[in-house]
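These notes are about the structure you will find just below.
In the working numbering, the protein residues as written are 1 to 170.
Here it is, written out as structure tokens:
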């Protein structure tokens, strides 16, 4: 689309591609395509760190704080897989907290949820297919995670109350 000479040509190209895909895949096939695209948008908690390009070519420093940081994020770092694991763990935790915080019904959380849905729709329609694009919506996810945390804890305590767990320990 970027190779099109004008805005009108880009618009025509987009419409033609959408019609072509619908004819090629059918409506159900296109829905399956969108579900797969959404999965690719949200499944990687590292936001595709180092999956495309090799912009860091240096080796990590030998010692010091700089060495520790570089060993965590550089492609040749000793702890890169640990970074990937921790990033994915926190991403799954944030998504889980947001999902379980559905009882929070104030206006701010409604706006943040709407912003997330809008972000997902934007990525499905215009870009997406890579988790790196979702990083632009990360502040919304983090804010919503913080705001729904108390309701999530309350829901978990309620569901686990049959275990006779002391609620102050959770």
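We treat Cβ as the ideally placed atom computed from N, Cα and C, and that holds for glycine.
Start-end ranges of the beta strand (DSSP E) lying completely within the stretch 39-123, minimum 3 residues
none
- prompt: For residue 12, which of helix, strand or coil comes out of DSSP?
  reply: To locate residue 12, count along the chain shown from 1; it is residue 12. Correct three-state label for residue 12: helix.
Just to check my reading of the structure: residue 137 and residue 98 have Cβ atoms closer than 8 Å, yes? What is that Cβ distance to the nearest angstrom? Residue 137 sits at position 137 when you count from the first residue of the chain shown. Residue 98 sits at position 98 when you count from the first residue of the chain shown. The Cβ separation is near 12 Å, so there is no contact.
Between the stretch 62-82 and the stretch 112-130, can you find at least three pairs of beta-carbon atoms closer than 8 Å? no
Quick check: what's the CA-CA separation for residue 37 versus residue 123? The count along the chain shown starts at 1 and reaches residue 37 at position 37. The count along the chain shown starts at 1 and reaches residue 123 at position 123. Approximately 9 Å between the Cα atoms of the pair.
Rounded to the nearest angstrom, what separates residue 67 and residue 4 at their Cα positions? As a first step, residue 67 is located in the chain shown; it is residue number 67 there, counting from the start. As a first step, residue 4 is located in the chain shown; it is residue number 4 there, counting from the start. For residue 67 and residue 4, the distance between alpha carbons rounds to 46 Å.
Say whether the stretch 110-124 touches the stretch 84-95, bearing in mind that this needs 3 or more beta-carbon pairs closer than 8 Å, one atom from each stretch.
-> no
What separation, rounded to the nearest whole angstrom, lies between the Cα atoms of residue 101 and residue 148?
In the chain shown, counting from the first residue as 1, residue 101 sits at position 101. In the chain shown, counting from the first residue as 1, residue 148 sits at position 148. Residue 101 and residue 148: Cα-Cα distance of roughly 5 Å.
*When DSSP labels each residue in this structure, what does residue 130 get in the three-state scheme?*
For the purposes of this step, residue 130 is taken as residue 130 along the chain shown, with counting starting at 1. In this structure, residue 130 counts as coil in the three-state DSSP scheme.
Does residue 5 come out as helix, strand or coil in the three-state DSSP assignment? The residue given as residue 5 occupies position 5 in the chain shown. Note: residue 5 maps to coil in three-state DSSP.
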